[in-house]
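Listed in order, the protein sequences are those of chains W and A. Position 100 of the first sequence, counted from 1, bears residue number 100 in my numbering, the numbering being contiguous throughout. Position 83 of the second sequence, counted from 1, bears residue number 83 in my numbering, the numbering being contiguous throughout. Just so it is clear, CB atoms sit at the ideal spot from N, CA and C, and this is done for glycine as well. These notes concern the structure reproduced below.
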Amino acid sequence: ETGVTQTPRHLVMGMTNKKSLKCEQHLGHNAMYWYKQSAKKPLELMFVYSLEERVENNSVPSRFSPECPNSSHLFLHLHTLQPEDSALYLCASSQEWATDTQYFGPGTRLTVL
Amino acid sequence: DAKTTQPTSMDCAEGRAANLPCNHSTISGNEYVYWYRQIHSQGPQYIIHGLKNNETNEMASLIITEDRKSSTLILPHATLRDTAVYYCIALHTGTASKLTFGTGTRLQVTL
């Protein structure tokens, strides 16, 4: 019912693996977001896309690479991650960037071994 | 965005109203009060937001004091599925992308 779906829901990967997280929103929104939520840190905004253009990139290491092929889909490509990258990765969308309510997906629980 | 203060935890009996307070004494005129909740290990769920007037939707009611320095989220008939961490956030339009959650209130609904 959230209108924002994320796959996979759980992911375990080694430090040398390459994997991708997928987010899809069915709400007709124009903006999409990636967040990281760690156990002992507040919610961290990673990337924002508005109409498929990246509009915010908050000092995220290059081992995280976002992709937004259209306004309904958002990917987060992962490579050579570190154990400290283990977290809940959340996707959200809003009608417009920076002015509207954000709706979140269920998240992907990532564990890096 | 203005800082918000919430109690760390609250308990509520199932079927009773849960009243969750939030202080935002430094809120500015164009900051909205937003409420989200997060059930353990799930994505945050939007509940409600308001500027000056009280608001109600199918999930909850939001009561904002006249001076806007505090608000209360009301879940009219709490159920076990309402057990979650509830976050109150003051947010400018125009910086709504900079959503951050504080520690929130952990609401435990009990039988």
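- Interface flag for A:K52 against chain W is unset, since no Cβ pair is found closer than 8 angstroms.
- Taking 3 residues as the shortest admissible run, the region 24-63 of chain A contains the following complete beta strand (DSSP E) segments, listed from N- to C-terminal end: 31-38 and 45-50.
- W:L81 places its beta carbon less than 8 angstroms from that of W:M13.
- Of the candidates W:G3, W:Y89 and W:L113, W:Y89 places its Cα closest to the Cα of W:K41.
- Proximity of chain W to A:K98 at the Cβ level (cut-off 7 angstroms) is accounted for by L45, in chain order.
- Taking W:S20 as the centre and dropping the five residues before and after it, the same chain places the C-beta of F75, L76, H77 and L78 closer than 8 angstroms to its C-beta, in chain order.
- Following the DSSP letters along the chain, one finds W:N57 inside the beta strand (DSSP E) bounded by residues E53 to N57.
- At a beta-carbon threshold of 9 angstroms, none of the residues of chain A lie near W:L21; the nearest stands roughly 13 angstroms away.
- One Cα belongs to A:T26, the other to A:H40, and the distance between them is close to 30 angstroms.
- Listed along the chain, the chain A residues whose CB falls inside 9 angstroms of the CB of W:L113 amount to none; the nearest CB is some 19 angstroms away.
- Contact with chain W is absent for A:Q6, since none of that chain's Cβ atoms lies less than 8 angstroms from the residue's Cβ.
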